[in-house]
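Q: What follows is a structure written as structure tokens; I'll ask about it next.
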Amino acid sequence: MRRRPRAPRSNRPPPRRSRSRFRRRSGARPSADRPTTTRCARAAAGTPVDTRRYSATATTSGADAHPAPRPSADVPVHHRPVHPAPESTLSESAAPPPVRIESVPPELGSPLDAAPLSTRSDIWHVLGSDADAVLKLATPDGTAPANPRYWAREVEAYESGLAAGVYAAHGLTAPRTLRVDQRGDGSVALWLDYVHGVAGTEWDPDRWADFAHRLGAAQAATEPLGPSWLFERPSPVGPLATRVAELPYLLCHLDLRPGNLIARDEDVVLLDWSHAGYGLPGEDLAGLILAHVAEPKVAEALDAALPAEYARGAGLAEADVRAVIAATAPARYGPGANEATRRLLHAWAKDAATR
């Protein structure tokens with residue numbers, strides 16, 4: 001039997017999309033005879049909620065308002081996705097795994113809501129009937145205290161009072177520690193006060209300059225503290241190494257970026273102390289400036305003001321602070337950097353070499 005000749009590829013009609021496949025991807029659409037309800041409303045009504053399509057799930061203890069810690073009663077708490085998105089873009093593999101809240105600090109009252117603060121599974125915003133809190137989970141991973149990524153570094157920084165007190169004389173502090181719980185699986189639950197204020201992403205150059213001055217004064221006032229969780233960072237290498245070799249190592253935050261800073265009244269609250277340790281004066285400034293490379297005028301203003309104000313606060317020469325930035329920033333921010341970041345790193349190195 002002769003085969004019928006096939007039409008040229010350009011003349012073929014486009015293949016029909018399977019309607020059932022489209023519905024599986026997008027989800028069924030609401031209709032008049034099937035009213036929709038929000039996920040929170042279903043949870044409040046006691047209806048089981050399929051959490052696999054959302055960013056997080058949580059179980060917590062007790063549904064009453066008694067403030068004392070209670071063992072887990074597996075009461076579901078509704079919560080919001082980190083970044084609301086169409087169901088077709090939310091996959092089970094991308095969502096943070098469930099978190100189990102075994103008990104809450106008495107300051108919160110009864111827990112009402114929980115939402116992840118990042119795409120990771122270890123930072124949660126917990127809303128209570130009386131107050132809000134941040135829950136951070138630290139899980140043992142075998143790293144030693146001398147490791148820059150030591151798993152318990154932040155827990156010990158908060159529990160010892162160092163995070164809240166080491167820069168406090170200069171108006172730089174940390175969230176209040178509500179409670180530290182050792183969990184049955186070996187992890188540690190760190191409960192922190194939820195800080196309300198103006199995030200660093202909303203600051204103007206004047207506020208940044210004031211912060212840099214305070215940071216320089218605060219870090220210059222620190223002394224070697226000795227706890228085993230602190231580590232001495234290796235000295236930089238290259239042409240600038242000899243220039244910065246005589247500078248003191250100070251207690252630094254080492255993860256300063258706009259999202260980790262909140263202005264509250266007259267103070268500035270520093271978040272995320274998981275990388276705290278010894279560093280060179282000014283080492284914390286590079287990330288603050290590079291965070292604004294998409295806004296060249298802002299980055300230029302901060303590059304002019306922050307090292308100068310930090311040096312003034314610390315009682316150091318601005319040239320030394322700029323040498324530290326030029327010597328330490330490429331190793332941390334150079335790999336995989338975009339063109340604007342690479343240009344700024346190159347400009348720092350060139351400027352430091354001529355001072």
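Under UniProt numbering, think of the first position of the sequence shown as 1, with each following residue one higher.
The C-beta atom is built at its ideal place from N, Cα and C for all residues, glycine as well.
With which residues is residue 182 paired in a DSSP beta bridge?
A: BP columns for residue 182 point to 188.
Q: Under 8 Å, do residue 212 and residue 150 count as touching if we go by C-beta distance?
A: Taking 8 Å as the Cβ cut-off, residue 212 and residue 150 do not qualify as a contacting pair.
Q: In the DSSP assignment, what residue or residues form a beta bridge with residue 198?
A: 263.
Q: What are the boundary residues of the alpha helix (DSSP H) that includes residue 105?
A: Counting along the chain, residue 105 falls outside any alpha helix (DSSP H), and DSSP gives it neither H nor E.
Q: Please state whether DSSP places residue 117 in a helix, a strand or coil.
A: In the structure shown, residue 117 sits in coil (DSSP, three-state: anything other than H, G, I, E or B).
Q: Looking at residue 348: is its Cβ nearer than 8 Å to the Cβ of residue 332?
A: Cβ atoms of residue 348 and residue 332: not closer than 8 Å.
Q: Cα-Cα, which of 344, 342, 219 is closest to residue 315?
A: When each option's Cα is compared against that of residue 315, the closest is 219.
Q: Cα-Cα, which of 281, 247, 263 is closest to residue 254?
A: Out of 281, 247, 263, 281 has the C-alpha closest to the C-alpha of residue 254.
Q: Does DSSP classify residue 216 as helix, strand or coil?
A: Residue state, collapsed to three classes: helix.
Q: Would you give the residue range spanned by the alpha helix (DSSP H) that residue 351 belongs to?
A: From DSSP, the alpha helix (DSSP H) with residue 351 extends over 339-354.
Q: Since residue 340 contacts residue 293 with CB under 8 Å, what's their CB separation in whole angstroms?
A: 4 Å between Cβ atoms; contact.
Q: By Cβ distance below 7 Å, which residues in the same chain neighbour residue 68 in space, the five residues on each side in sequence not counted?
A: Annotation note: pLDDT 35 at residue 68 (below 50); position unreliable, coordinate value reported separately. So the list reads 106, once near-sequence residues are dropped.
Q: At the level of alpha carbons, what is the spacing between residue 277 and residue 301?
A: Cα to Cα, residue 277 sits roughly 28 Å from residue 301.
Q: Where does residue 333 fall in DSSP's three states?
A: If DSSP states are grouped into helix, strand and coil, residue 333 belongs with the helices.
Q: Threshold first: 4 residues or longer. Then list the alpha helix (DSSP H) segments lying entirely within the stretch 265-317, N to C.
A: Taking only runs of at least 4 residues, the alpha helix (DSSP H) segments lying wholly in the stretch 265-317 are 285-290, 296-314.
Q: Using only alpha-carbon positions, find the residue among 338, 320, 329 that is nearest to residue 355.
A: Closest by alpha carbon: 320.
Q: If we count the other Cβ atoms within 10 Å of its Cβ and call it buried at 16 or more, is residue 47 buried or exposed?
A: A caution first: residue 47 carries a pLDDT of 33, below 50, which makes its placement in the model too unreliable to give a value.
Q: Mapping DSSP to helix, strand and coil, what is residue 209?
A: In this structure, residue 209 counts as helix in the three-state DSSP scheme.
Q: Would you kindly report the start and end of the unbroken beta strand (DSSP E) that includes residue 166?
A: Element bounds for residue 166: n/a, residue is neither H nor E.
Q: Specify the secondary structure class of residue 157 as computed by DSSP and reduced to three states.
A: If DSSP states are grouped into helix, strand and coil, residue 157 belongs with the helices.
Q: Could you please give the first and the last residue of the uninterrupted beta strand (DSSP E) stretch that includes residue 138?
A: Looking at the DSSP string, the run of the beta strand (DSSP E) that includes residue 138 is 132-138.
Q: According to DSSP, is residue 325 part of a helix, a strand, or is it coil?
A: Residue 325 falls in the helix class under three-state DSSP.
Q: Just grab the DSSP bridge partners of residue 193 for me.
A: The partner list for residue 193 (beta bridge, DSSP) reads 133.
Q: Kindly indicate which three-state DSSP category residue 357 falls into: helix, strand or coil?
A: In this structure the chain extends from 1 to 355, so residue 357 is not present and cannot be described.
Q: Under a three-way DSSP split, which group does residue 111 fall into?
A: Strand at residue 111.
Q: Assuming the contact rule is C-beta atoms closer than 8 Å, residue 329 and residue 345 should be a hit. Round their C-beta distance to whole Å, please.
A: Correct: roughly 6 Å between the Cβ atoms.
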